[in-house]
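Undergrad: Using the numbering used here, read the sequence shown as starting at 17 and increasing by one per residue.
Yeah, the Cβ is synthetic: ideal placement off N, Cα and C, and Gly gets one too.
Right, I'll just put the structure down here and ask away after.
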Amino acid sequence: MKVAVVGMSLFGRSLAVGLARCGAEVIAIDSKLERVESVRDEVTLAVCLDATDERALRSQGVHEVDVLVASIGNDFEANQLLVMLAKEFGIARVIARAPSPRHAQILRKLGADDVILPEVEAAERAAKELLERRGP
C-alpha cells in the first residue's frame, strides 16, 4: 500500500513511521525542512514542499497513492485544500486530522472519507481505561 502523510507534527510523524514499520510505502511531506529531515531515514520518501501546490504534489507522485492523510496541524485552510486536491487526484481514500468536531464536519463535506479527532479519541480512550482500572 502506498500512503502519503502530509504534516510531520507529532501525529503525522508517528503515523508515517508506524505505517512504514508495518510495511507501507510512505511519502512523508512537510513544509518545514527540519521535520522532513527528522523522518527521512524511516520512510520511503520524505519531501519538503507546499502541500497546497498541485504541481509539487504531482512531481512527487502523490496523485498515485492509495491513501492520503492530511494532518497539517496549525493550518486548517491548507488541510481543506489538500483534501480537495486529493479528491481531484482520484485518491481512493482520504483521511484528515481535525482539531474539532466542527472542523471534522467541514472536512467530510469537502470529501474526506475518514476524519480523525486525536484529542477527542484520546480523551474517550483515557476515560474508558480510567473507569476500567478504578479500584474498589
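1. Buried or exposed, going by whether 16 or more other CB atoms sit within 10 Å of the CB of Gly28?
2. Have a look at Asp57, Ala62 and Gln96 and flag the residue whose alpha-carbon is nearest the alpha-carbon of Ile122.
3. Quick check on DSSP: helix, strand or coil for Arg113?
4. Taking the CB atoms as reference points, tell me whether Glu41 and Thr60 lie closer together than 8 Å.
5. Does the Cβ of Ser87 have 16 or more other Cβ atoms within 10 Å, making it buried, or fewer, making it exposed?
6. For Asp130, which residues in the same chain have their Cβ closer than 6 Å to its Cβ, ignoring the five residues on either side in sequence?
7. How many angstroms separate the CA atom of Val52 from the CA atom of Gly34?
8. Just tell me which of Gly89, Met100 and Val85 has its CA closest to the CA of Asp69.
9. Is Met100 close to chain B? Criterion is C-beta to C-beta, closer than 8 Å.
10. Tell me the rounded alpha-carbon separation between Ala36 and Leu147.
11. From the DSSP output, read off the bridge partner residues of Ile132.
12. Just to confirm, are Gly23 and Gly77 a CB contact at a threshold of 8 Å?
13. For Leu73 and Arg56, what's the separation of their Cα atoms in angstroms?
14. Compute the Euclidean distance between the alpha carbons of Met17 and Glu135, then round it to the nearest angstrom.
TA: Result, derived from the coordinates:
1. In the sequence shown, the residue the question calls residue 28 occupies position 12. With 16 or more neighbouring CB atoms inside 10 Å of its own CB, Gly28 falls in the buried class.
2. Residue mapping note: residue 122 aligns to position 106 of the sequence shown, counting from 1. The shortest C-alpha separation from Ile122 is found at Gln96.
3. Position 97 of the sequence shown, counting from 1, holds the residue named residue 113. In this structure, Arg113 counts as strand in the three-state DSSP scheme.
4. Within the sequence shown, numbered from 1, the residue matching residue 41 stands at position 25. Within the sequence shown, numbered from 1, the residue matching residue 60 stands at position 44. The Cβ atoms of Glu41 and Thr60 lie closer than 8 Å to each other.
5. Counted from its first residue, the sequence shown places residue 87 at position 71. Ser87 counts as buried, since no fewer than 16 other beta carbons sit within 10 angstroms of its beta carbon.
6. Translated into the one-based positions of the sequence shown, residue 130 becomes position 114. Once the five neighbours on either side are set aside, the close Cβ partners of Asp130 are Ile111.
7. Numbered from its first residue, the sequence shown carries residue 52 at position 36. Numbered from its first residue, the sequence shown carries residue 34 at position 18. When rounded, the distance between both Cα atoms is 16 Å.
8. As a first step, residue 69 is located in the sequence shown; it is residue number 53 there, counting from the start. Minimum Cα distance to Asp69 is reached at Met100.
9. Within the model displayed, chain B is absent; a lone protein chain is all it includes.
10. Within the sequence shown, numbered from 1, the residue matching residue 36 stands at position 20. Within the sequence shown, numbered from 1, the residue matching residue 147 stands at position 131. Separation of Ala36 and Leu147 (C-alpha to C-alpha, rounded to the nearest whole angstrom) is 34 Å.
11. For the purposes of this step, residue 132 is taken as the residue at position 116 of the sequence shown. As computed with DSSP, Ile132 is found in a beta bridge with Arg113.
12. Here residue 23 refers to the residue found at position 7 of the sequence shown. Here residue 77 refers to the residue found at position 61 of the sequence shown. Not a contact, by the Cβ cut-off of 8 Å.
13. In the sequence shown, the residue the question calls residue 73 occupies position 57. In the sequence shown, the residue the question calls residue 56 occupies position 40. Each residue's Cα considered, the two are about 17 Å apart.
14. Working through the sequence shown from its first residue, we reach residue 17 at position 1. Working through the sequence shown from its first residue, we reach residue 135 at position 119. Going from the Cα of Met17 to the Cα of Glu135 covers about 27 Å.
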